[in-house]
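S.K.: Each step along the sequence shown adds one to the number in my numbering, with nothing skipped, and position 157 is 157.
Don't be surprised by glycine CBs; every beta carbon is placed ideally from N, CA and C.
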Amino acid sequence: MNIWNKVLVGLIAVMLLPLFYFSAVALKTHQHWRSVANKIEERLPKLEQEIESLRFGGAGVEEGEHLNAVRVRLHEYLVNRGRIWRNAKFQGGEGGEYRVAVEVPNPHGITLNKTLYVFDQPREGERGCFLGEFKVNAVVEKDPLITLVPTMQWMSSAAQERLKSGTGLWTLCEVMPKDMLIAFEGMTEEEARALLPASVVDEYLASGKEGNERKLRDYFVLLKELDRQRAVLIEEHETAKRHEAFMRAATEDATKNQLKFRSDERADLMTEQDRVKAELDAALAHRQSLEEELAQVEAKIIQLIADNRATAEEMARIQAELVRQVDRRTEVVAH
1 MNIWNKVLVG
11 LIAVMLLPLF
21 YFSAVALKTH
31 QHWRSVANKI
41 EERLPKLEQE
51 IESLRFGGAG
61 VEEGEHLNAV
71 RVRLHEYLVN
81 RGRIWRNAKF
91 QGGEGGEYRV
101 AVEVPNPHGI
111 TLNKTLYVFD
121 QPREGERGCF
131 LGEFKVNAVV
141 EKDPLITLVP
151 TMQWMSSAAQ
161 ERLKSGTGLW
171 TLCEVMPKDM
181 LIAFEGMTEE
191 EARALLPASV
201 VDEYLASGKE
211 GNERKLRDYF
221 VLLKELDRQR
231 AVLIEEHETA
241 KRHEAFMRAA
251 TEDATKNQLK
261 FRSDERADLM
271 TEQDRVKAEL
281 DAALAHRQSL
291 EEELAQVEAK
301 IIQLIADNRA
311 TAEEMARIQA
321 ELVRQVDRRT
331 EVVAH
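1. Could you check the C-alpha separation between Leu47 and Glu190 for me, to the nearest Å?
2. Going by DSSP, what residue range makes up the alpha helix (DSSP H) through Val201?
3. Tell whether a beta-carbon distance below 8 Å holds between Asn136 and Leu116.
4. Please work out which residues of its chain come closer than 6 Å, Cβ to Cβ, to Ala138, disregarding the five sequence neighbours upstream and downstream, and give them in chain order.
5. How long is the line joining the alpha carbons of Lys277 and Met270, rounded to whole angstroms?
6. Mapping the DSSP letters down to three states, classify Lys142 as helix, strand or coil.
7. Run through the DSSP bridge pairs and tell me what Leu148 is partnered with.
8. If you draw a straight line from the C-alpha of Arg71 to the C-alpha of Ile182, how long is it?
9. Let me know the secondary structure DSSP gives Thr311 once reduced to three states.
10. Helix, strand or coil, according to DSSP, for Gln153 in the structure here?
11. Applying the criterion that 16 or more other CB atoms from any shown protein chain within 10 Å of the CB defines a buried residue, is Ala13 buried or exposed?
12. Classify Asp120 as buried or exposed, calling it buried when 16 or more other Cβ atoms lie within 10 Å of its own Cβ.
13. In the DSSP assignment, find the unbroken alpha helix (DSSP H) run with Leu172 in it and report its ends.
14. Over what stretch of residues does the beta strand (DSSP E) that includes Leu116 continue unbroken?
15. Excluding the 5 residues preceding and the 5 following Asn113 in the sequence, name in chain order all residues of the same chain whose CB lies nearer than 7 Å to its CB.
16. Taking 8 Å as the cut-off, decide whether the C-beta atoms of Glu203 and Arg217 are in contact.
17. Below 8 Å, can you find three or more Cβ-Cβ pairs linking the region 164 to 174 to the region 240 to 259?
18. Suppose the cutoff is 6 Å on Cβ atoms and the five residues either side in sequence are ignored; what does the same chain contact list for Arg228 look like?
19. Only counting the same chain, and skipping five residues up and downstream in sequence, which positions put a Cβ closer than 7 Å to that of Lys142?
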């Protein structure tokens, strides 16, 4: 045997050791996975039964919690919800028209004159808010940019601030979201307090406890009623402003005319007063003159009475004297 044959035999002997080792490892691995496969095969019938239970209901699955029931509820939820476009980019706007870029899906499928209910998506550490009901005023095919105009007069102060900012992400809803008890099931108290306003969170937390079931709200009807009430209040406010303007004008006109009338009346009365005063002065002067004349006449009358009295006495004396003379002459004639 030559040297190369010996070398070859030696190499073969050396290679047999790893071959035996790896063969043993392969056999062990095969046995392990074969054991695993056998166990899985044994579990397959049970797994198929569990799958059937999960799909159609059965042992170990609560009533109404199997896959088909969940699919039905999900379908009902999605049907009632309508289409939703999330992460629409608000591009600002002016004159009551607001531009929004709806990039997903593409195309977005939003048509002209479509009514959308718009929500501002919550930012870091903030709550989202309802912006209002909008109508699609302009849409261009294959262009994500649409133009919206509000259809409601009512708008919260938070919504007005968001619209003034000109930026942010919006969620556009085809149907006004409905108040559903299922939407808040499984929510912890911390999550509820972080999500809901403090004025109503206790009502939501108490729902479903001790037979207490929260009364559902129809937000569409409530918002429409708020919008109607706001329109009525605005009209009443405008009417009150018009009435106030009319009253102010009437008051100003009445004040101006009344002042002129009273001024003219005062001037007339002053003129009349001067005339009456002049007449009174003339009457007083005439009275004084008459009183002086009356005093003179009275003095003359007194003097005349005195003269008449003296004349009467003189005539009585003369008459008595004549009687004596007649009597004397008669006596003379008689003798």
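M.R.: By the coordinates alone:
1. Cα to Cα, Leu47 sits roughly 38 Å from Glu190.
2. From DSSP, the alpha helix (DSSP H) with Val201 extends over Val201 to Ala206.
3. Residue identity check: residue 136 is Val in the sequence provided, not Asn. Cβ atoms of Val136 and Leu116: closer than 8 Å.
4. So the qualifying residues of the chain are Thr147.
5. So the two alpha carbons sit approximately 10 Å from each other.
6. Correct three-state label for Lys142: coil.
7. The beta-bridge partner set that DSSP reports for Leu148 consists of Tyr98 and Val136.
8. Taking the straight line from one Cα to the other gives about 14 Å.
9. If DSSP states are grouped into helix, strand and coil, Thr311 belongs with the helices.
10. The three-state reading of DSSP puts Gln153 in coil, since its state is none of H, G, I, E or B.
11. Per the 10 Å Cβ criterion, exposed.
12. Under a 10 Å Cβ-count criterion, Asp120 is classified as buried, with 16 or more other Cβ atoms of the shown protein chains found around its own Cβ.
13. DSSP places Leu172 in no alpha helix (DSSP H) but in the uninterrupted beta strand (DSSP E) bounded by Leu169 to Cys173.
14. Here the beta strand (DSSP E) through Leu116 covers Thr115 to Asp120.
15. The answer, listed in chain order, is Lys135 and Val136.
16. Taking the C-beta atoms as reference points, Arg217 is found no nearer than 8 Å to Glu203.
17. Taking one beta carbon from each stretch, the region 164 to 174 and the region 240 to 259 have fewer than 3 pairs nearer than 8 Å; the two do not touch.
18. The beta carbon of Arg228 sits closer than 6 Å to no other beta carbon from its chain once the five residues preceding and following it are set aside.
19. Only Pro107 meet the Cβ criterion.
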